[in-house]
Structures are given as C-alpha cells and as structure tokens.
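For the record, the sequence lines run as chains A and B. So for the first sequence, the numbering used here puts the first residue at 1; every next one is plus one. So for the second sequence, the numbering used here puts the first residue at 1001; every next one is plus one. For each residue, glycine too, the CB sits at the ideal point set by N, CA and C.
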Amino acid sequence: MMQAPMELKLREPLIFDLSRSGRQAPSQFPPDAAVPAAGSTGSAIPAHLLRSVQPPLPEVSELQVVRHFTRLSQMNFSIDTNFYPLGSCTMKYNPKACNALAMLPEFLNRHPLAPEPQGFLACMYELQEMLKDITGMQGVSLTPMAGAQGEFAGVAMIRAYHRARNDADRCEVIVPQAAHGTNPATAAMCGCIVKEIPCDRNGDIDIEALRAAVGVRTAAIMLTNPSTLGVFEHKIEEVARIVHEAGGLLYYDGANLNAILGKVRPGDMGFDVIHMNLHKTFSTPHGGGGPGSGAVGVGPRLLPFLPIPVVGEEGGAFRWLTERDLPQSIGRLSGFMGNAGVNLRAYIYMRMLGREGMVRVAEFAALNANYLMKRLTQAGYEAAYPARRASHEFIITLKSENRRYQITAMDVAKRLLDFGFHAPTTYFPLLVPECLLIEPTETESKEELDHFCDAMTAIRREMEHDPEKLRSAPHTMPVRRLDDVRAVKQLDLGWKSPA
Amino acid sequence: MPYIPHTPDDVERMLAVIGAQSIDELFDEIPRNLKSAKLAQVPPALGEMQAARLLAERAARDGRPLNFIGAGAYEHHIPAAVWAIATRGEFYSAYTPYQAEASQGTLQLIYEYQSMMCALTGMEVSNASMYDGASALAEACLMAVRANRHGSSRRILVPRALNGTYLEVARAITGNQGLEFEVLDFDRRHGRTPLAALQARRGQDYAALVVQQPNFFGNLEEVDELTDWAHANKVLLIGVVNPISLALLKPPAEWGVPLDGHRGADIVCGEGQPLGVPLASGGPYFGFMATRLQHVRQMPGRVVGRTADTEGRPGFTLTLQAREQHIRRSKATSNICTNQGLMVTAATIYLSLLGPAGLRRVADACAQRTAELVHALGRIPGVAPAFAGPRFHEAVLLLDRPVAPVLAALAARGIAGGLDLAARYPELPRALLVCATETKTTADIEAYAGALAEIMRTPQAAHPAAREQRR
C-alpha cells in the first residue's frame, strides 16, 4: 500500500536568465502606441519627470513565460497534488466551481466604484447573514483582508468600545501562551499591552492565572477554541464570566472554526467578537500565501463599531453602508471593500455545502483527526494530550524520539516530503517540545490517512535503523535543506542586473 | 456528501479504531448546554449545476458597463496566460512556503517578483506583498516612524491630492499607535502639491512626507523638489506610485538630487492591481512595498531570499523572519501573516509577458487615451478640464452642474462615467474624475463623449435626476 515517493527534482533558471534583449510577446501589446509621436502625451510630460533608462524586466517570449511558470508550479506541493495536513491552516479541498463561478466576467470586470452591483451585493448580504447565524453574532463586516486584519478590526473595535464608555485606560490584552503569534502582534498594533497566561496540564486555561491577570485595565482576552493545542476549552463559560465581570470583552480567533461548525457557536460561548478565516473554514484558496479574508462578526456591544463598508438591505435593494450609517465605525481597512472575490468564493462554497453540509464539516474533520491520532499512537507516537479528544487537529510530541535517536520534529517533517506528504506544522505551539500539529481536514479519505500512517510507521523504523536518512532528508525535492543562516547573513533578496 | 469522501463502511471502521459509538461522541467535551440549534439562515445545499445557474443570474443582473472609472483601480488587458497559470492547483491551492524544499516554485516566483518590483521602482529591496495599496501605505507610515533615526516624531505629512481612502485607512490602522497626519493642500491651478505648502513647515518635526505620483487627480507632482525638501528636513520620503506608470515615469529611487549620498524615496508602496489583477469589485488586489537595504529590518511582511542547500546548490527560502509575528509576537514589525501570494503570482507572470517594451507601450497608450478622452469631453459645452499641467491616465473635469445626476444618466446608458468628487472634495463640488486605459478604443471614447454631450444638452432643471438631487 506504500505510495511511490515523490520526485520533484526539477531545476529552473531565473526568468531573468532566459531574457534576451529585444525578445517580446507582442500579442499582449496595445495597438498603435508604438512610439509616442512628437507632440503626443509622452512629450507633454517634462523630461525631468520621465524615466531615462528602461526598467531591467525580463525580455522573453510567451511560450517561455508559460513554460517557466508551469515548471515552477510543478516544484510545489499543493492540496490538489498532495495530502497537506498543516495544523491550524485547514488545507481542505478548494472546490473548482467556487473559482470558476467567481470568475464570471460580470464579476471580474466590475469596477469597485461603479454603481452598486445588485447581483454581487445580494451574494455578499446573504454571506453576512449566513456567517452571523453560524457564529451566533449580530453583525458581520466582510472587509478585513486576512485573518490578522480581522484580528486587528476586532481589537480596534474593543478599544473603541471602551473609549466610547469613557473607560479608555483598558489597554491590556490577555492571551494564552499557546496563542497564534498574530494575537500578541495585533494587540501591540492596537497600542495594547500583552499579558500571557499559562495553560494547565490538560491544555485548558489556568483559571487561577486568569483571575490574577484580569482587572480594571483589562480590555479583552483573545482565545482560540478549540485551542491551538487541539482541544476544546472545557471551562469556556467560566472564562467568559471572569473576563466580563472584570469589564473586559472576549475575542474569538476563528482559526479553528472548522472544528465546531454547526456544533457550537462562539456567540453562545460568550464571545463578543470573532474573526473568521474564510480561506480556512470556507475553503477559499490559500494561493501560496494569500489572499485570505478575515470577516469579523460582533455581538450587540460592538455592533456600532464594525469596520466599513458593510452591505445593507432596504426593500430588496442592497447598498454599501458607510460612515454615514455607522458613525462610530473604526473606519476603513482597505482601499475598497476588502477581498471581494475571496468573499464570493466563500459564499459559493457555503451555498454548495448548505445547512447539512456545515455540520458535516466539523463532524468529519473531527472523525479524521481522532482516527489519525489513534492510529499514530498505535504506531508508537506520543500524543501531547492523550486524555483529550482531538478537535479537528492534534499534536504529536517527539520528545522521547528526540532523546533516544536524536531525531527532531524537523527531521520527520522533511522526511515526510519524500513520501509525498506535506509536513504538518512544526514547533507550534511553542510550549510542546518537538511537536507536530496535524490537521487532516474532512475532505481526506480513509485511504489517504492510512497512507500517511504507513509513512509515519516507515519513518519510525528509519529512526532505529537509518537515522541519518532522516537527518539528511529531504532526498527527492529540488533542493536539500537550505542554509537559513546564510540567507540572513548574505542577504540576496533579488536578481541584480549585471549592467 | 459534498466534498466528503467517507463511505458508511469507512465511518464504521474509523469509529471502531477510535473506540467511539458515534461521531457525535467525538464532541462530548463540549458542554451540552452550548450545542447549536439548527442553522436557520443557511439554505439547503445546491449542486454545482444549480449553483452555476444562481451565480449566472446574479452576474447577469450586474451587466458589463463601459468603464471610465479609475480612482485607485484600473482596467487593463490581462493576457490569457496570466490566470491560466495562476489558477493551476499547484499555485492556487498551496500554502505559505514554510516548507521551503516543497515550495521552491512559489519561493522562486516571489524572488522574481521582488526583483521586478525593484526593477520598476529602482529600490534595493521589496517584500513579498501587502494586502492592498491603502493598507501598504498605513504600514509604510508605521515603518517610517520606526526607521527615521533623526527623531521620534509620529507625525506624517500627506497631500490632500493623495487618494483620500488611503488616508482614511492609514488613520484607522495607525491611530491606536498615536500617528498623526497633517494634510497639505493642493494648488488650484495645477492640482498638485506646491512646495510652498511645505516651506511653512520647515524646522518642525515629522517622520515622513507622503508623495503620490501620479496623484489622485491623475496629475504629476513635482517629485524632485518635494523629495529634496524632505531630505533637507530629515524627513523620510514615502512614494505612492502606480506600477504601470513606472514604465514611463522616473522611478522613485531617482527622485530629487543626491544629498549626503542619499537620493530618492526611502519607502515606496502602492496598489499592484494594475499588473494583471482583475477589478473584481475591489479585491483581492495586492499592495507592494520596497525600500533601501538599510531599512530592510524595519520592513513588514514576508521576504524571500536566495541561499544554498547543504550541497551548495542555490535555493530559495523565507528570510529575515525575526521581524515577523510568528517569531517576535508582540515585538513584530506588523501583525501581517497571510499576504496576497496568488495576486503576486499573476503580477509576476504579467510583467514577464509584457516586459520593458510592452509595459512602456501600455503606459504610453494609457496616457494617450486619457489625453484623447479629455480632448473629446472637454469640447462639450459645460465641461472643462479642472487643472493645467502634465498628467498620466486620469483627469478631473469640471461640469456646469452637479455630477451625480450626470453619472446616473450615463449609467442608464451603460457607461460607468467616472467618480463624483463632491463627497471627497467639497471644494470641488462639480468635479468628475475620469480615466482611460489602453483598453479604451476611439469608438469607446466617442460613445462616452456622445452620451455626455446629449446629457449636457438637457437643461439642468428639466432633468429628473437633477430634481431628485436637489430635494
């Protein structure tokens, strides 16, 4: 049943190395603008504002471009080609229909400032309504362009809320030690002070530490639930009570929303604001690092502060709500209205899943994660929280393998590439030593999970018999392990024209 | 079950391995009282065929107006190869290239992108992208405050001729960190930022001066003297530029004269959408940011570097990560994590296809088409250009009446005629911002001019939309 190892040993020169002076792809050029005639616009611009030398861009043919970038694409792992169990990133199948329908010409060619497009806005309005329902919130803004910007919007709204109540000294944000790095970075961007609190042995928040941390300066707590440790926060209602009684608000980081879709709603847990990663839970593409979309949902306290624009509806007609409608808004976060095309893809995905499909997302994500955790522990790996249910993801710790064989989590991650599997998230969360955070998602079949277990079993045998094979992995990729120190010390961030 | 491959037999066997009776049992750690009710607002599932029908109906409602709006998003020809390649699953469905060995395609592409943005701007280093042009400026302002070693000022000078939305976004994003923005008025004749507006501020303490070239009105700023003023006053210069225009206009790295071996903009940012990214109701686009090498550690966002593997072969990896949130947490340069990777993929393919000659022809055609448009519309009684002086591919026209009803009448004829500036610039109550790119033909321009002439022939008072406006 073992899969054939991957071979990605391609090499491709830089596009600049393919360039030859005077080579062109002229079908792409506009007509009749060959040389600006005397007296035309080019000369209307005074010389001191014009470029004197043409920019050193590559000069290549269309076929060269197509072949170069197609070959580069083949040097990538992706969901479409490989199982990609990257914890906390929800690398599920991105249905092709979502992309194809979002690329209908009327959607693609619509200028953002053209008269309000009723068809598109109807989709966005319905998306807001569905997201409100799923999260248990009362208002949604689709404008944040990524998870981190959604976080920013959330914390900025919390600050605006306290300020509006003449309680502006509340500037402390509590985050668990295991939080995503964006949480403390966002709090800092909003001018807040970050207070970290520990988790207990079972991965729950240390309630006593929380009680000690809250006070008159508490603005909010930022939480992911299920947490980054892959477990549901048992005492969430108590956490909510403590923070609210201290005058703070609860922020829900929606990174792990996939785990609870249709099962439990952040609003019902007591959260005041949530950001959703539509590129995770609602399956818009990750695109090699974006674009994402970080829609925010709010409860009644934060409703007046939503970032603009928001889609409003009056008598069947849709329009963008602006500062005139929401005078207390925290303002605009993007040039127009956020990553509209990403939101459209999420809308299509949600319509195709429907009500029943939403619940199944969480159910089968949990089934796959718990199955894979069980199989890996049977194969000899150690779960970080063996007494707990996995949510949609779980953590394996390699601390005993590290002691016995001097094998690191990084070695296992790199060796998995040779077996054709993208590596799980490594070394996050930081508080679990030598960890792999594994998120299979609901769209993977049992066979795929079994193949992954077979690879992990084979790797375990290699630890005993051929540990060097792991330490020197990967062996089948275009490159071996890269020198990160040299990358920083001898900075080479771009091709330089020899001229 | 849509996109879930499990057979009933799979489920049974998997539950047996787990030792659970049912899938529901896997959720037994969630307090019972918290479990969700049915989702009332989510309709039942649609098959792909039904979804295609629904979306086609919605799209048809929106139609395809002939577009003459710019104002920060520009309609350009996008070669078929751009999105045919960018939507390949290997680019489209990959994640951030954290596992460098299995992501060399994306990493090399970003390295090539960074090289191209340096080629266009003349700057030494570029990051891997920001969310969009407006948020890139907000980040550039925060970066300038960190990078300006001459003082601890948090004040930024911005022209009133800067895209006003950019300023709104910069205020929203930086306000909690205490940044303040002082606005420099434009001169009414040329619609650009006069040096005199700055001279009054000599000797005061600022972190940065923002210059947009071309500015929001489409006019060209006297970038050399503005840059020289900034450097003489120990203020960093942030250039906001249109990447297409850089095939024609002087790159920001060459603005001004050398002073202490120092010339040009310190930070350059802008909206990358013109480079192969569709208008798509406002996003996803991408922001770009470039700077001098000396400021690279203050730059936010991901950066790709070329290095060597254990066998000495060249390879690409994310680098300088010690600036970023997943390492530095609350001390990071920004909270940015995901950026706009796929849009950068499109832009890199676009720039490769156009090359230096093609990009120059696009820029020239834009300038020529806009000149034609201004000429054609300016001949209509009651329509006149607002400003004298050189411009790129946008222009402000002054009408003899309020703009909104005119735009409504144009929309009824299938023409998106431009942006009414009344709300953004109360001092220009009857001003219309128009744009023509290389996509507009002479026939398109004639169609617009014909429609506008007809509308302008209607006496104002008789126009129903105008009456509506006055009420």
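Chain-ordered, the chain A residues with CB closer than 8 Å to the CB of aspartate 1062/B read Glu106, Phe107, Arg110, Pro117, Gln118, Gly119, Phe120. When only Cα atoms are considered, proline 1251/B and histidine 1326/B end up about 34 Å apart. Following the DSSP letters along the chain, one finds cysteine 1269/B inside the beta strand (DSSP E) bounded by residues 1267-1271. Interface criterion met: the Cβ of valine 194/A is under 8 Å from a Cβ in chain B. Closer than 8 Å to the CB of threonine 182/A there is at least one CB belonging to chain B.
A Cβ-Cβ contact shorter than 8 Å links glutamine 1108/B with phenylalanine 1316/B.
Beta bridge pairing from DSSP links alanine 1384/B with Leu1398/B. When DSSP states are grouped into helix, strand and coil, arginine 319/A belongs to the strand group. Under DSSP, aspartate 1420/B takes part in a beta bridge, and its partners are Leu1432/B. The beta carbon of leucine 131/A sits closer than 7 Å to those of Val140, Met276, Ala295, Gly297, all from its chain and outside the five residues before and after it, given in chain order.
Residues of chain A whose Cβ lies closer than 8 Å to the Cβ of leucine 1397/B do not exist; the shortest such Cβ separation is about 16 Å. In this structure threonine 186/A is not in contact with serine 88/A, their Cβ atoms being roughly 16 Å apart against a cut-off of 8 Å. Per DSSP, the beta bridge partners of lysine 1035/B are Val264/A.
Within chain B, the residues placing a beta-carbon under 7 Å from that of cysteine 123/A are Arg1058, ordered along the chain. When beta bridges are read from the DSSP output, valine 296/A appears opposite Ser141/A, His275/A. Between glutamate 1101/B and arginine 481/A, the CB-CB gap stays under 8 Å. A Cβ-Cβ contact shorter than 8 Å links methionine 463/A with glutamate 401/A. Counting the other Cβ atoms within 10 Å of the Cβ of serine 52/A gives fewer than 16, which makes it exposed. Against chain B, a Cβ distance below 9 Å from histidine 286/A picks out Tyr1092, Ser1093, Ala1094, Tyr1095, Thr1096, Thr1338, Gly1341, Leu1342.
When the alpha-carbon of aspartate 272/A is set against those of Gly154/A, Thr397/A, Pro474/A, the nearest one is in Gly154/A.
Going by DSSP, methionine 222/A is part of the beta strand (DSSP E) stretching over 218-223. Relative to the Cα of proline 95/A, the nearest Cα in the group Tyr385/A, Lys374/A, Phe282/A, Ala383/A belongs to Phe282/A. Look at cysteine 453/A: its C-beta is not under 8 Å from any C-beta on chain B. DSSP places histidine 1262/B within a strand segment (E or B) once states are collapsed to three. Annotation: Cβ neighbours of alanine 1247/B in chain A (cutoff 8 Å, chain order): Arg51, Gln54, Pro55. A distance of 8 Å or more separates the beta carbons of methionine 1123/B and proline 1300/B.
Close partners of alanine 413/A in chain B (Cβ separation under 9 Å): Gln1099. Asparagine 370/A reaches chain B at Ile1018, Leu1026, counting residues in chain order whose Cβ is nearer than 7 Å. Rounded to whole angstroms, the Cβ separation of leucine 1342/B and alanine 1086/B is 6 Å, and the two are in contact under 8 Å. Taking a Cβ-Cβ threshold of 8 Å, the residues of chain B close to serine 334/A are Tyr1131, Asp1132, Ala1134, Ser1135, Val1169, Gly1282, Gly1283, in chain order. Taking C-alpha positions only, lysine 489/A is separated from threonine 1291/B by approximately 19 Å. Taking the beta carbon of tryptophan 495/A as reference, the chain B residues within 8 Å of it are Tyr1111, Glu1112, Ser1115, listed in sequence order. Counting C-beta pairs closer than 8 Å gives three or more between the region 1238-1247 of chain B and the region 1265-1272 of chain B, which meets the contact rule.
About 3 Å separates the beta carbons of glycine 354/A and alanine 1045/B, which is inside the 8 Å limit, making them a contact pair. Listed along chain B are Tyr1003, each with a C-beta nearer than 7 Å to that of tyrosine 93/A. In the DSSP assignment, aspartate 1062/B falls within the unbroken alpha helix (DSSP H) covering 1048-1062.
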